[in-house]
Amino acid sequence: MVSSLYEQALSALKSGGIEDSSFEADVLFEEIFGRDFRLKLLTGQLDRPETEAEAGKLHEMLERRLSGEPLQYIVGRWDFYRGEFSVGEGVLIPRQDTETLVESAFALVKGIKNPRILDLCAGTGCIAITLSELLPDSEVHAVEFYDEAYRYLEKNISEHGSHVIPHKLDVLSEESAKQFTSFDLITCNPPYLTSSDMANLQPEVSHEPETALFGGKDGLDFYRAIPVIWKPAIKAGGYIAFEIGATQGEAVKEILEALGYSDVRIIKDLCGKDRVVTAKLQHVNCVTTGDTL
27 MVSSLYEQAL
37 SALKSGGIED
47 SSFEADVLFE
57 EIFGRDFRLK
67 LLTGQLDRPE
77 TEAEAGKLHE
87 MLERRLSGEP
97 LQYIVGRWDF
107 YRGEFSVGEG
117 VLIPRQDTET
127 LVESAFALVK
137 GIKNPRILDL
147 CAGTGCIAIT
157 LSELLPDSEV
167 HAVEFYDEAY
177 RYLEKNISEH
187 GSHVIPHKLD
197 VLSEESAKQF
207 TSFDLITCNP
217 PYLTSSDMAN
227 LQPEVSHEPE
237 TALFGGKDGL
247 DFYRAIPVIW
257 KPAIKAGGYI
267 AFEIGATQGE
277 AVKEILEALG
287 YSDVRIIKDL
297 CGKDRVVTAK
307 LQHVNCVTTG
317 DTL
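Taking this note's numbering, the leading residue of the sequence shown gets 27, the next gets one more, and so forth.
Below, the structure written as structure tokens:
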């Protein structure tokens, strides 16, 4: 019976050390029996033997999960803010922590008419697409370098019917930055894990691309580089907003202040941890030349 199959799956997840086994069992069963699986189970609509196909699909998903593969990769999508984003191997999974960056960015530019926003290290595009939906009059660009992640960026833009403009470029390249100018806001959720963090990754996180996780020995490499390389792309009075690791707030604040950014603020997430740093660029000290966006 399907109800018995559910109990078997729940037991397997618990035995495999899956922390939130009940939630994950529900997600897997929703993949097979629909989003209303729980209602169907409670109302007796699933008081029947499982089919061979249903049992086979569940077995495959359980094997993948118990091997350490992230649940999000198995189901192929994940919720973020008010939407759902396609995910898979090669792209960073959207996390609730990053919603703090979206909300902070929105607060910075919501009063600006037709704001121009540039999201770096875009991955799935969850930040850029969400901001574009929250700010219908905005012009939003998203930069991603790695092939697998860029495919998900394009896929999510298409699935959301979004007007976000994707660019396959290296965010650490000055040549990339020279193509852009006059943005009201740059957002970025860069790789920020330290060498120590990388050596102690949870099995699920180790399946995500290292290029989206590792930020150098102290985790601060991208925070040092991006405010310099992309400074000319920000208009005077414009902003930069970073997601950060919970212990990196003061270090990132010091970096930005040393580079001439002002009004630097550390913003906490819903758990009370430092999660975002925002800063303002009062004056632009250098000007790019050539074709710009």
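For glycine and all other residues, C-beta sits at the position ideal for the given N, C-alpha and C.
Are the beta-carbon atoms of residue i and residue j separated by less than 7 Å?
| i | j | result |
| --- | --- | --- |
| Ser164 | Ile183 | no |
| Glu170 | Ala148 | yes |
| Glu185 | Gly116 | no |
| Leu39 | Ala51 | yes |
| Ser232 | Tyr178 | no |
| Leu282 | Phe206 | no |
| Arg108 | Ile100 | no |
| Met224 | Phe209 | no |
| Leu31 | Ser47 | no |
Tell me which same chain residues have a C-beta within less than 7 Å of the C-beta of residue i, skipping the five on either side of it?
| i | result |
| --- | --- |
| Gly316 | Here the model assigns Gly316 a pLDDT of 45, short of 50, so the residue's position is not dependable, and the following value carries that caveat. Counting only Cβ-Cβ distances below 7 Å, and skipping sequence neighbours, we find Lys204. |
| Ala131 | Leu157, Leu211, Thr213 and Ala267 |
| Lys279 | Val290, Ile292 and Val303 |
| Leu134 | Leu211, Tyr265, Ala267 and Thr304 |
| Val53 | Leu97 and Val101 |
| Thr314 | Per-residue confidence for Thr314 stands at a pLDDT of 43, beneath the threshold of 50, marking its modelled position as unreliable; no derived number is given. |
Judging by CA-CA distance, which residue of the options is the nearest neighbour of residue i?
| i | options | result |
| --- | --- | --- |
| Lys243 | Thr220, Phe49 and Leu39 | Thr220 |
| Asp196 | Gly137, Leu146, Ile100 and Phe111 | Leu146 |
| Gly188 | Glu201, Ala38, His167 and Met224 | The residue you asked about is not Gly; residue 188 is Ser in the sequence shown. That would be His167, whose Cα lies nearest to the Cα of Ser188. |
| Gly368 | Ser232, Gly263 and Asn215 | Any property of residue 368 remains undetermined from this structure, which presents the chain solely from 27 to 319. |
| Glu57 | Glu236, Gly82, Thr237 and Ala277 | Gly82 |
| Phe106 | Ser288, Asp247, Glu78 and Gly151 | Gly151 |
| Gly70 | Ser29, Ser48, Arg91 and Ser41 | Ser29 |
| Glu42 | Ser48, Leu92 and Asp73 | Rather than Glu, the amino acid found at residue 42 in this sequence is Gly. For the residues Ser48, Leu92 and Asp73, the minimum Cα distance to Gly42 belongs to Leu92. |
| Gln274 | Trp104, Asp247, Ile138 and Gly286 | Asp247 |
| Ser202 | Lys257, Leu227, Ala284 and Ser222 | Lys257 |
| Gln34 | Ala79, Thr77, Arg61 and His85 | His85 |
Apply the 10 Å Cβ neighbour rule to residue i and answer buried if 16 or more other Cβ atoms are within range, or exposed otherwise.
| i | result |
| --- | --- |
| Met87 | buried |
| Val254 | exposed |
| Ala272 | exposed |
| Lys294 | exposed |
| Gln308 | exposed |
| Glu276 | exposed |
| Cys312 | Below a pLDDT of 50, predicted positions are generally treated as unreliable, and Cys312, at 48, falls in that range; the measurement from the model is reported next regardless. It is exposed - the Cβ of Cys312 has fewer than 16 other Cβ atoms within 10 Å. |
| Glu45 | exposed |
| Ala259 | buried |
| Leu296 | exposed |
| Lys139 | exposed |
Round the Cβ separation of residue i and residue j to the nearest angstrom and send it over; I've been treating them as touching at under 8 Å.
| i | j | result |
| --- | --- | --- |
| Tyr249 | Ala305 | At roughly 11 Å, the Cβ-Cβ gap does not stay under 8 Å, so Tyr249 and Ala305 are not in contact. |
| Pro141 | Leu161 | 6 Å |
| Pro96 | Glu230 | 4 Å |
| Phe55 | Phe63 | 5 Å |
| Phe59 | Leu72 | 7 Å |
Tell me which residues share the same chain as residue i and place their Cβ nearer than 8 Å to its Cβ, disregarding the 5 neighbours each side in the sequence.
| i | result |
| --- | --- |
| Ala269 | Just to set this straight, residue 269 is Glu in the shown sequence, not Ala. For Glu269, where only same-chain residues beyond five positions count, the Cβ hits under 8 Å are Asp123, Thr124, Thr126, Leu127, Cys214, Asn215, Pro216, Tyr218, Arg301 and Val302. |
| Gly102 | Ser112, Val113 and Gly114 |
| Lys181 | Ser112 |
| Gly94 | Pro229, Glu230, Ser232 and His233 |
| Thr77 | none |
| Tyr176 | Glu170, Pro192 and Lys194 |
Please list, in chain order, all residues of the same chain as residue i whose beta carbon is under 6 Å from its beta carbon, the five residues on each side excluded.
| i | result |
| --- | --- |
| Leu329 | Here the chain has residues from 27 to 319 only, and residue 329 is not among them. |
| Leu198 | Ala251 |
| Ile191 | His167 |
| Glu110 | Arg103 |
| Gly263 | none |
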